[in-house]
Every structure is written in C-alpha cells, then in structure tokens.
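Notes for the one structure printed next.
In the working numbering, the protein residues as written are 163 to 422.
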C-alpha cells in the first residue's frame, strides 16, 4: 500500500519504492525458505540459508536500533537562547522551495519567533545549501527569499551556498559562525526523519548543535527512513563489511565441515 501511495504522490523514483522492494524481498525469502524445506536435510544448503538469515538478522537489529535512536532524538528541546539557527537545504523545484524544504524553514521561523517573544533575543538564521545541476539558483538563495517573504529581517539571514551534502552543511556553517562569534549557541533544523543522521554529521564536523525536526507526511516516512538507514549503513561501511565477512567466514567453515 505504501509503495502505491508513494508512486502516486511522489513519482516512480527508485528511492521512493525502497519499502516496497524490501517488503517483497523479505516475503520472497520467506516463501523460498518454506518451499525448500529439504534444506534441513542438506547440510551445505542449510549453511548457506543460515548465513543469509544471520546477515538479515544483523541488519534487522541494526534497523530497529536506528528506529529507536531516531525516535528518541525527536524529543530534543533546545533552550531559547540560540545565536544561530541552521536550516539544512534539500532539493529545489526550479528556483522554488518545495514543501519538504518549506517545512524546515517554517520550523526555523517558529523557533526564531518564540525565542524573540520569550527572551527578546534575535537569532541569525543560516540557510545552508549549494546549487544542484537541475536547480536555477542555490538552495541557500531560495531559502533566503522564502524567509524574507515570511518577514524575517535580511540582517538576520546568513547564506552558506557552497555545500553539497549534510556534512558540508555542518562544516561550512560552523566556519561562518566561528568567524562571527568566538563562543555561540546554535541549533539546526531539518525534517524529523533526517534529524538523527544530521546530528551524527554535526558531531563529525565538530559542531555542538542540537537539532529540531519538522513533521513529514506519514506516507513519505517509510521510504525516507529506509534511505536514512542505508545512508547510516554506508557511513560505517567498513565496520559492516567486516561483520558480514565474519558471518560468511563462520558459515563457510560450517559448509566445509559438512563435506568431512
């Protein structure tokens, strides 16, 4: 059902169909396992099947841990004493801010306004994002125009228009803040599904910054979380390859023993 909804609302892009493919893959493996009940009486094939199940179990455990961490990270309530609010860019539609990015900007505006009303302190909003191949302007400039339309003073908008990924968002924004204030407090805004991974990149960039997440349409969440999980797996690619390799070596040993 989610796959059909994603195709209808977001198009038939591969990234949008990940949950459907994952579900079909697991279903196919389950049916295959039942159909091949004779594996139990064939030690070599049983070892191969057990290795596949063990690897799947590892990644399922990893995925559940990721989901729990992502959920817990949502309940993050920074104090209203921030000097900077970083808005992480995402793709544009031509030169316009799409709904996904608008939700990040609206979250930043909401925090900016609440802080101003509660403490009188105006935070500078850093809009961070370069220009993609199919974009008519930089993400930072499109976000700047959006904020101006929403009434944010231009003096409190700072553009970072060179970054092409989340890690660069954090590094380049940090460089701009470091150049303005020796000591400062900052937060970043992104969509809730992206919050946990963005926090990992902030730490990697040496930026002590908490994140606040904007809400995402429910139908979009499964594919978004799947993409985030794959991205985190790739962040720790070497470690995961070592673990999968050890599992395969263990069951290769069992496979060879079955011939003795």
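Beta carbons: idealized from backbone N, C-alpha and C, even for Gly.
- Under the 8 angstroms Cβ criterion, the stretch 321-339 does not count as touching the stretch 212-231, having fewer than three qualifying pairs.
- Separation of residue 272 and residue 376 (C-alpha to C-alpha, rounded to the nearest whole angstrom) is 10 angstroms.
- Look at the beta carbons and you see the stretch 368-387 not touching the stretch 291-304: under three pairs across the two are nearer than 8 angstroms.
- Between the alpha carbons of residue 358 and residue 226 lies a gap of roughly 14 angstroms.
- Residue 260 holds the alpha-carbon nearest to the alpha-carbon of residue 305 among 260, 368, 274, 405.
- C-alpha of residue 235 to C-alpha of residue 318: approximately 28 angstroms in a straight line.
- Look at residue 375 here: in three-state DSSP terms it is strand.
- Bridge partners of residue 290 according to DSSP: 250, 322.
- Ranking 224, 384, 347, 351 by CA distance to the CA of residue 328 puts 351 first.
- The stretch 337-356 makes contact with the stretch 264-281: 3 or more CB pairs, one atom from each, lie closer than 8 angstroms.
- For residue 353, the enclosing beta strand (DSSP E) begins and ends at 348-353.
- By the criterion of at least three beta-carbon pairs nearer than 8 angstroms, the stretch 276-292 is not in contact with the stretch 363-374.
- Between the alpha carbons of residue 239 and residue 249 lies a distance of about 17 angstroms.
- Listed as beta-bridge partners of residue 258 by DSSP are 255.
- Between residue 288 and residue 345 a beta carbon distance of about 17 angstroms is seen, past the 8 angstroms cut, so the two are scored as non-contacting.
- The beta carbon of residue 300 sits closer than 7 angstroms to the beta carbons of 291, 292, 293, 323 from its chain, once the five residues preceding and following it are set aside; these are given in chain order.
- For residue 390, the uninterrupted alpha helix (DSSP H) segment begins and ends at 383-397.
- When rounded, the separation of the alpha-carbon atoms in residue 360 and residue 212 is 35 angstroms.
- About 4 angstroms separates the Cβ atoms of residue 386 and residue 355, confirming a contact at the 8 angstroms cut-off.
- Between residue 214 and residue 384, the alpha-carbon positions lie close to 24 angstroms from each other.
- Residue 336 and residue 265 have their C-alpha atoms some 23 angstroms from each other.
- By the 16-neighbour rule on beta-carbons within 10 angstroms, residue 243 is exposed.
- Judged by DSSP in its simplified three-state form, residue 368 adopts coil rather than helix or strand.
- Residue 391 sits close to residue 228, with the two beta carbons spaced by under 7 angstroms.
- Going by beta carbons, residue 298 and residue 257 fall inside the 7 angstroms limit.
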